[in-house]
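Here the numbering used here is used: position 122 in the first sequence is 114, and no number is missing along the way. Read the structure below first, then the notes.
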Amino acid sequence: MINTKYVRDHLDEIRRAIKDRKSAFPLDELLALDEKWRGMRTDLQELQAKRNKASLEISDAKKRGEEVKDKIAALADLKAKLDEAQSEISRCESKIESIVWNVPNTLDNSVPIGMPPEANKTIKTWGNIKKKEGPSHVEVLSKLGLLDEERAAKVAGSRFFYLRGDLALMEHALESYAIDKMRKKGYILISPPYMVKKRYYKGVAPFGVFEDALYKASEASEAEKMKDIEHVDEELFMISTAEHALAAMHAEETFSGAELPIKYAGFSPSFRREAGSHGKDTKGIFRVHQFNKVEQFIYCKVEDEHKYFDELLANSEEFMQELELPYRLVVLSSGDTGHQMSKTIDWEAWFPSQKDYRELGSCSTARDWQSVRLDIKYDDKGERKYVYTLNSTAISIQRSLACIVENYANSDGTVSVPKVLVPYMGKEIITKG
RNA sequence: GCCGGGGUCGCCUAGUGGUAUGGCGGCAGCCUGCUAAGCUGUUUAGCUAGUAAUGGCUUCUGUGGGUUCGAUUCCCACCCCCGGCGCCA
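In structure tokens form, the structure reads like this:
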């Protein structure tokens, strides 16, 4: 069970976050249950102490060769009370469990209070928009014969794709470019499992995500019928971002202070059901069920949160600038910040076909939300503290491809290759596949 | 997938129904003139009293159940590791 102490320790901040997020989270119910639980626990411990003492007396008497039948019989009442106390406490615990995992994260002071889209705040705009408008990446790529949505729909369904020829090549070029750059910055490259057990997934994202975003990769239906909680917790879910596998990686570990920060660059596909986004971005590779992504992830000490948030964001911006994609940074408002995050900055790049900026990635700090649930600590001069976890997209491959294609499309139907990708592709222009 | 063996503190290890051994490492303290050693304590998580130093209690032998006054030990399910067989990019 999660330690509810962390809720009491951050009570004012959590209460404020609930209000600012306009969340319906039942904090007072949780606190009442927690108080009840602690009282019950004290009672239980008294009973256990009595039982332990009596058991020892029986043990001693037996060693002396005395008759112990009467002593054992006298314990029947205590045993019944103990069983009752135990089942009452587990009923209370499962109620707490169902609530406490979903406590919203505290909010960073710099998060604008309000609801989206009005309250989201643009804090920076970079680059000159060369193409104010133009054809969509779907039009450009279809004419070049590099994107096959129809056959993908036949084989896998809507929101899947086959990339061909030069486009598939550019996909790999982007990946190699992003991986090389992250490694040069000292981030350790990680290829994670693409499936994660439910009990760890619960620690990286709130339950809502399971219905809206995740594909279940195992059945476990028998266990579910039997309400075998432990077994259900072994169910596998496809990762919707490498972040989740990277966060769970060090679950139940304690770092020495000297080991932090740990900086990872994770590379993996991401699988998303995109439930609730029917009708949005249905064409092309902007919003798909499966895409590749290079993700940055940092475990750090509490006091280093802002330092590494800035570092992650700077890295992400560097990618946008080297690819010469005009973009802007948007701080998500309190009402738009993910449940498990304390602060999120999105970057949105210019899409000529939409005459607007669209999200390409985001940088977030989860503070200790994930580490409390995954039990990841560090030793701070003898004191155990929960680590802070931060994550930021390096490059979201397919979405970036869409953006590059639109911004780099030439009037003759071909697409120029961004300068930084030329060495990886061995060509400056992509043509019919 | 099947058949064996296993999982005990950060690491190694004993115990096979009756308060969980011992060592190494780490941390704290003490002692000591010789590059280090010795001695003592501590080394899971939580509830509770106190402003605090500190105390009381519970909990911890892969995880969850069961039997029992009492489970590391017996029973059931699951997870993971090692070996063998099978299957396989």
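Yeah, the Cβ is synthetic: ideal placement off N, Cα and C, and Gly gets one too. Predicted model only: the values in this text are computed from it and were never measured.
CA-CA distance, residue i and residue j?
| i | j | result |
| --- | --- | --- |
| TYR179 | ILE290 | 9 Å |
| THR336 | ARG8 | 18 Å |
| VAL442 | GLY271 | The structure shown does not extend to residue 442, since the chain is modelled only from -7 through 425, so no value can be given for it. |
| LEU46 | ASP62 | The residue asked about is misnamed: residue 46 is Ala in this sequence, not Leu. So the alpha carbons of these two residues sit roughly 12 Å apart. |
| ILE422 | GLY268 | 35 Å |
| PRO185 | GLY353 | 22 Å |
| GLN346 | CYS395 | 11 Å |
| LEU161 | GLY418 | 10 Å |
| PRO410 | THR381 | 33 Å |
| ASP302 | ALA41 | 52 Å |
| ALA215 | SER79 | Low confidence applies here, because ALA215 scores a pLDDT of 41, under 50, leaving its location unreliable and the question unanswered by this model. |
Kindly identify the DSSP beta-bridge partner or partners of residue i.
| i | result |
| --- | --- |
| TRP118 | TYR319 |
| LYS495 | Only positions -7 to 425 of the chain appear in the structure, and residue 495 is not among them; the question remains open. |
| MET417 | None, per the DSSP bridge assignment. |
| PHE259 | VAL286 |
| TRP444 | As shown, the chain starts at -7 and ends at 425. That puts residue 444 outside it, with no answer to give. |
| PRO401 | Going by the sequence as given, residue 401 is Ala instead of Pro. Partner(s): VAL407. |
| VAL412 | DSSP, once it has assigned bridges, lists no residue as partnering VAL412. |
| THR336 | SER356 |
| VAL188 | PHE229 |
| CYS395 | According to DSSP, CYS395 bridges with nothing at all. |
| LYS113 | VAL323 |
Residues in the same chain with beta-carbon distance under 6 Å from residue i, minus the five sequence neighbours each way, listed in chain order, please.
| i | result |
| --- | --- |
| PRO344 | LYS123, GLU125, GLY126, GLU398 |
| GLY119 | PRO318 |
| PHE202 | none |
| SER325 | PRO104, GLY106, PRO108, ALA111, ASN112 |
| ALA165 | LEU413, TYR416, MET417 |
Is residue i buried or exposed, if buried means 16 or more other CB atoms sit within 10 Å of its CB?
| i | result |
| --- | --- |
| GLY479 | Shown here, the chain extends from -7 to 425; a query on residue 479 therefore has no answer. |
| LEU321 | buried |
| VAL475 | The structure shown does not extend to residue 475, since the chain spans only -7 to 425, so no value can be given for it. |
| ARG13 | buried |
| GLU142 | exposed |
| GLY330 | buried |
| THR(-4) | buried |
| ALA24 | exposed |
| LYS116 | exposed |
| ARG151 | buried |
| LYS190 | buried |
Cutting at 7 Å between CB atoms, please list the residues of its own chain near residue i, excluding the five before and the five after it.
| i | result |
| --- | --- |
| ARG264 | ALA205, SER232, HIS281 |
| ALA401 | GLY126, PRO127, VAL132, VAL407 |
| LYS208 | GLU227, PHE229 |
| ILE(-6) | VAL92, TRP93, VAL364, ARG365 |
Can you name, in chain order, every residue of its own chain whose Cβ lies under 8 Å from the Cβ of residue i, other than the five neighbours on each side?
| i | result |
| --- | --- |
| GLU163 | LEU155, ASN284, ILE389, GLN390, LEU393 |
| ALA455 | Absent from the model: residue 455. The displayed extent of the chain is -7 to 425, so no value can be given. |
| SER183 | GLY258, PHE259, SER260 |
| GLY149 | HIS281 |
Across the region 385 to 402 and the region 279 to 287, are there enough close Cβ pairs to call them in contact, namely three or more that are closer than 8 Å? yes
Stretch-stretch touch, CB-based, cutoff 8 Å, three pairs: the region 89 to 108 with the region -2 to 6: yes
Tell me, please, whether the region 48 to 56 touches the region 19 to 33 by the rule of three or more beta-carbon pairs shorter than 8 Å. no
Does the region 224 to 244 come close enough to the region 292 to 300 to have 3 or more Cβ pairs within less than 8 Å? no
Three Cβ pairs or more, each shorter than 8 Å: is that satisfied between the region 134 to 150 and the region 356 to 376? no
Pairs of beta-carbons, one from the region 242 to 253 and one from the region 366 to 374, closer than 8 Å: are there three or more? yes
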